[in-house]
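Notes to accompany the following structure.
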Amino acid sequence: MVDRRLFLGQFAQIDWKLDERWDVLAGARVNETAEQKSSVHVDGFDPVANATGADQKREVRLSGTLGISRTIAVDQGDRHVLFADTRSAFKPSAIDFGPDYTPAVLNPETADSAEVGIKGTLNGRQTSYALTAYAMTFRNLVLRTTNAAGSPVLQNAGGERLEGIECTTRHHVVAALDAALSLSYHRAHFTSGVASERGTDVSLAGHELTLSPHLLSSAALLFAPPSGPSGSLVATYVGRRYLDLANQAPTPAYLIVDATIGYRVGRFVTRLSAANLFNRRPPVTQSEFGDSSYYLFPGRRLEGTLAIDI
Numbered sequence: 518m519v520d521r522r523l524f525l526g527q528f529a530q531i532d533w534k535l536d537e538r539w540d541v542l543a544g545a546r547v548n549e550t551a552e553q554k555s556s557v558h559v560d561g562f563d564p565v566a567n568a569t570g571a572d573q574k575r576e577v578r579l580s581g582t583l584g585i586s587r588t589i590a591v592d593q594g595d596r597h598v599l600f601a602d603t604r605s606a607f608k609p610s611a612i613d614f615g616p617d618y619t620p621a622v623l624n625p626e627t628a629d630s631a632e633v634g635i636k637g638t639l640n641g642r643q644t645s646y647a648l649t650a651y652a653m654t655f656r657n658l659v660l661r662t663t664n665a666a667g668s669p670v671l672q673n674a675g676g677e678r679l680e681g682i683e684c685t686t687r688h689h690v691v692a693a694l695d696a697a698l699s700l701s702y703h704r705a706h707f708t709s710g711v712a713s714e715r716g717t718d719v720s721l722a723g724h725e726l727t728l729s730p731h732l733l734s735s736a737a738l739l740f741a742p743p744s745g746p747s748g749s750l751v752a753t754y755v756g757r758r759y760l761d762l763a764n765q766a767p768t769p770a771y772l773i774v775d776a777t778i779g780y781r782v783g784r785f786v787t788r789l790s791a792a793n794l795f796n797r798r799p800p801v802t803q804s805e806f807g808d809s810s811y812y813l814f815p816g817r818r819l820e821g822t823l824a825i826d827i
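The working numbering applies: residue 518 is where the sequence shown begins, and numbers increase by one.
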C-alpha cells in the first residue's frame with residue numbers, strides 16, 4: 518500500500534477582553550487536504566485473485582471555534598465564571614498500515630459541538646470546581662470492523678450523537694493534603710449508518726458506541742508536603758458498556774485503584790508506585806479485528822524510583 522497525504526491550512530485567532538468580566542475567544546481555519554492511495558493484493562495460491570486499486574480525495578473545509586465567558590462574582594479572592602463555546606472540527610480519516618487490500622480513501626471525520634458551564638473557586642480558593650454540559654454531532658466516525666473472511670478493515674460510520682454532563686472539584690483539606698472528585702454522565706449513540714461485521718450488515722441507528730460507558734467517576738487523596746513522607750490514592754470507576762456494534766455483548770463496570778508512597782529528604786525523593794493495585798483486567802480497547810477481540814487493561818505494575826532535584 519502507498520498513501521500520500523498533503524495538509525495545508527490557514528488560521529486566525531483573536532482573544533478579545535471586553536472588560537474585566539467579559540472575554541471572547543474566536544478562531545477559524547481553512548483546511549486543505551489531498552490524499553492519493555493505492556493498494557495491491559498478490560495471492561500466493563491463485564493468481565486470478567490478484568487485485569490492484571487506487572483512489573484519491575481532496576477536501577477544503579472550514580473549521581473554527583467561538584467562546585465567551587463572563588465573571589459573575591468575585592469575593593475574597595474567589596471567582597465564578599460562566600462560559601459557553603461552540604466548535605466545528607475536521608480531521609482526515611485514519612488509515613490501516615497493515616498488509617490487507619484497502620484501496621478506498623475514507624471520508625473525513627467532522628463534528629459540531631456546543632458546551633456551557635460554570636467554574637470557579639470557594640472558601641478563599643481552598644476549593645475549586647467546574648460543572649459542564651455538552652452536546653456533539655459527529656459524522657463519519659472511523660470504525661474497525663472485519664470483512665466476510667475475518668480480515669480487519671476500516672470503514673466510515675454514518676452519524677453519531679454525544680451528550681453529557683461533567684462535574685469536577687478539588688479541595689485543600691489541610692496543609693499538603695488535597696482531595697479531588699469527578700463525576701460524569703455520557704450518552705454516545707449512532708443516529709444513522711450501517712456497518713459490516715464479518716460480512717453481515719449491522720444497522721447502527723440507536724445503538725450505543727462500543728466501549729462507551731454512561732458513568733465515569735474518580736476520587737483521589739493527594740499528600741505532598743515539601744519534605745518527609747508523601748503518598749496518593751486514586752480510584753477510577755468506569756460503568757457498564759457494550760463490546761459490539763449490535764449492542765448484544767454488554768460488559769460490567771470496573772474499578773481501578775492506584776497508589777503511591779514516597780519520602781523526600783532534601784533533594785532526594787524515593788517513591789514506590791502501584792498501578793492497578795487489585796489487578797483488574799477488563800477489556801478497554803478494540804483491536805484491529807473490530808468486535809472479534811479486545812485489548813485488556815494492563816495488569817498490576819509495581820515501580821520504584823529514586824530521583825534527585827538538580
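C-beta atoms are modelled at their ideal positions from N, C-alpha and C, and glycine is treated no differently.
Cα atoms of Val719 and Ala712: separation of roughly 5 Å, rounded to the nearest angstrom.
Residue range Thr644 to Arg656 is occupied by the beta strand (DSSP E) that includes Thr649. Between Val547 and Gln527, the gap from beta carbon to beta carbon is short of 8 Å.
If one requires a minimum length of 3 residues, the beta strand (DSSP E) runs lying completely within the stretch 763-801 are 771-782 and 785-792, in chain order. In the structure shown, Ala590 falls within a strand segment according to DSSP collapsed to helix, strand and coil. Pro620 sits in coil when the DSSP states are folded into three classes, being neither helix nor strand. By the neighbour-count definition (other C-beta atoms within 10 Å, threshold 16), Gly594 is an exposed residue. If you draw a straight line from the Cα of Arg596 to the Cα of Thr644, it is about 11 Å long. In this structure, the alpha-carbon of Thr686 lies about 31 Å from that of Pro767. Separation of Gly581 and Leu700 (C-alpha to C-alpha, rounded to the nearest whole angstrom) is 29 Å. With distances taken between CA atoms, Ser744 lies nearest to Phe785 out of Phe785, Asp775, Ala770 and Phe707.
DSSP, read as helix, strand or coil, puts Val559 in coil. For Asp520, the pairing in a beta bridge is given by DSSP as Lys554. Counting other Cβ atoms within 10 Å of its Cβ, Arg757 stays below 16 and is therefore classed as exposed.
Burial state of Thr727 is buried, judged by a 10 Å Cβ sphere holding 16 or more other Cβ atoms. Separation of Thr822 and Tyr780 (C-alpha to C-alpha, rounded to the nearest whole angstrom) is 11 Å. With 16 or more other CB atoms across the displayed protein chains lying within 10 angstroms of its CB, Gln672 is buried. Taking C-beta atoms as the reference points, Leu579 and Ala545 count as a pair closer than 8 Å.
Between Val591 and Lys636 the beta-carbon gap is near 14 Å, outside 8 Å, which marks them as no contact. Classified as buried, Lys554 has 16 or more neighbouring CB atoms from the shown chains inside 10 Å of its CB.
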